[in-house]
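A short write-up of the structure that comes next.
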Amino acid sequence: MTLPDHVGLSSDGTKVRILDQSLLPGREVYLELDQLDQLIEAIRSLRVRGAPAIGIFAGYALYVLARQLEKSAVQKELPRLGEALSNARPTAVNLSWAVRRMLQAAQGQEDPVAVLGRECRAIHEEDAAMCRAIAEHGLTLVKPGDGILTHCNAGQLATSQYGTALGPVLLGQERGIPFRVFADETRPLLQGARLTAWELQRAGVDVTLICDNMAGMVMKQGLVQACFVGCDRVAANGDAANKIGTSGVAVLAKHYGIPFYVLGPSSTIDLDCPTGADIPIEERPGEEIGSLWYREPMAPAGVKFYNPAFDVTEHDLITGIVTEKGVCNPPFSDALRRIKYGA
Ligand code: MRU
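Just so you know, we're using this note's numbering here: the sequence shown kicks off at 2 and counts up by one.
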């Protein structure tokens, strides 16, 4: 693949090592973190981001923190550390899923730190395998030369390898199957401009960056044959939370008769959320809208901001949900249950 590992352990295994995504594309800086407050800050500030990647990160974080404890204190302290990490961001279920998995693995173990070390590596390796399988399934949904519109960043930076929504594109690129990608810039944090465009350009993919409000125009011009987006949590009925603006893309796609696919690992399915209305939506500071990317504030002082970081695309706007187990089509409820429980 085109990117080096952007989340993992330091060479001596005592710290979590990440590429600081908040500095991309201008600077490629790696951080090594081993303190709870640093690790939480890295999630909150989107130094590491993307639903699967923050799950992988949380696994490594718990391992690194557990290593610092007296052996006798590990079982008692783990739940507290896990809760603190889980609470760093609310929407992507992979975060709490990974923490729960680590805690369950360590429970009752003689040497919980060794078990945690194996479990965090397993979470990482499994994600890479899942992304690869998602990419294979996604490739069956498009033809060489198709235009694919994507929103936010659901590529390697948001996962382990390949990504979810960008997986078919990157796998296609490896196999000499070309696609034309339209990347929404993704206001306000610009994951499409800073990360998707950067990642695809490095991989040699034909990528065109557009402002979010241009998606309808390129669809109308016949330049888009499919929309591929990632997801932060899929409810039991198939409603899918993803980066703010995703549901608008789905509405446009429906209007123009373009298939709209949500791609994500099965760890993103949350059957405890019956519908999208049950998914907690993170709200972030207004400065991200008004001043973060500008030399001078781009809004009048004192104006009110509303900055929800995610929205929910209703299941009836979704053509298919692609997981490592295959493509499921509507109605989604039974298919998602089968995927999750293998029933
Ligand atoms: O706020 P972010 O950058 O973490 O949001 C990321 C997204 O919304 C992604 O599309 C989603 O996590 C899927 S990543 C494979």
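Ideal placement from N, C-alpha and C gives every residue a C-beta, glycine not left out. Just so we're clear, the structure is a prediction, and the values are computed from it rather than from any experiment.
- Around the beta carbon of P275, fewer than 16 other beta carbons lie within 10 angstroms, which makes this residue exposed.
- Taking a C-beta distance under 7 Å as the contact criterion, A93 and I55 qualify as a contact pair.
- In the three-state reduction of the DSSP assignment, N88 falls in the coil class, being assigned neither a helical nor a strand state.
- Taking I57 as reference, the option from Y31, I41, A123 with the minimal CA-CA separation is A123.
- Residue burial is scored here from C-beta neighbours: L24 has fewer than 16 other C-beta atoms within 10 angstroms and is therefore classed as exposed.
- In the three-state scheme derived from DSSP, where H, G and I count as helix and E and B as strand, I340 is classed as helix.
- Between I322 and the set Q108, V252, N238, the nearest pair of CA atoms involves N238.
- Per DSSP, the continuous alpha helix (DSSP H) segment holding A67 begins and ends at 52 to 68.
- Rounded to the nearest whole angstrom, the C-alpha separation of G9 and P281 is 28 Å.
- The C-beta separation of I259 from Q226 comes to about 7 Å, placing the pair in contact by the 8 Å criterion.
- Contiguous beta strand (DSSP E) elements confined to the region 244 to 300 occur at 261 to 264, taking only those with 3 or more residues.
- For D317, the closest of V252, E283, K341, E325 by C-alpha to C-alpha distance is V252.
- DSSP, read as helix, strand or coil, puts E315 in coil.
- Counted as a single uninterrupted DSSP element, the stretch harbouring R195 is not any beta strand (DSSP E), since DSSP gives it neither H nor E.
- In the structure shown, the three-state DSSP call for A99 is helix.
- Out of P5, L34, V30, the CA that lies nearest to the CA of V17 is found in L34.
- Taking 6 Å as the cut-off, the C-beta of R101 does not count as close to any heavy atom of the ligand MRU.
- Annotation for G217: L253 place their beta carbon closer than 6 Å to its own, counting only its chain and skipping 5 residues before and after.
- Residue environment for E126: exposed (fewer than 16 other C-beta atoms within 10 angstroms of its C-beta).
- In this structure the region 197 to 215 lies against the region 172 to 181, because at least three pairs of beta carbons, one per stretch, are closer than 8 Å.
- Three or more pairs of CB atoms, one per stretch, sit closer than 8 Å, so the region 40 to 51 contacts the region 143 to 160.
- Non-local C-beta neighbours of G118 in its own chain, meaning closer than 6 Å and more than five positions away in sequence, comprise Y64, ordered along the chain.
- Within the region 125 to 183, complete beta strand (DSSP E) segments of at least 3 residues are found at 148 to 151, given in chain order.
- A distance criterion of 6 Å places the beta-carbon of C153 in contact range of the ligand MRU, judged by its closest non-hydrogen atom.
- Rounded to the nearest whole angstrom, the C-alpha separation of G139 and K72 is 45 Å.
- For A336 and C329, the gap between their C-alpha atoms comes out near 6 Å.
- A242 sits in a strand when the DSSP states are folded into three classes.
- A Cβ-Cβ distance of about 13 Å is found for the pair C232 and V250, leaving them out of contact under the 8 Å criterion.
- A check of alpha carbon separations from D13 across A166, E288, R68 identifies R68 as the nearest.
- When distances are taken from the beta-carbon of N88 to the heavy atoms of the ligand MRU, even the shortest one reaches 6 Å or more.
- 7 Å or more divides the Cβ of F180 from the Cβ of I211.
- With 16 or more other Cβ atoms inside 10 Å of its own Cβ, Y163 counts as buried.
- Annotation: the continuous beta strand (DSSP E) that includes R234 extends over 234 to 236.
- For P309, the three-state secondary structure derived from DSSP is strand.
- Counting along the chain, the unbroken alpha helix (DSSP H) around V219 starts and ends at 216 to 221.
- Taking all protein chains shown into account, A74 has fewer than 16 neighbouring C-beta atoms within 10 Å of its C-beta and is therefore exposed.
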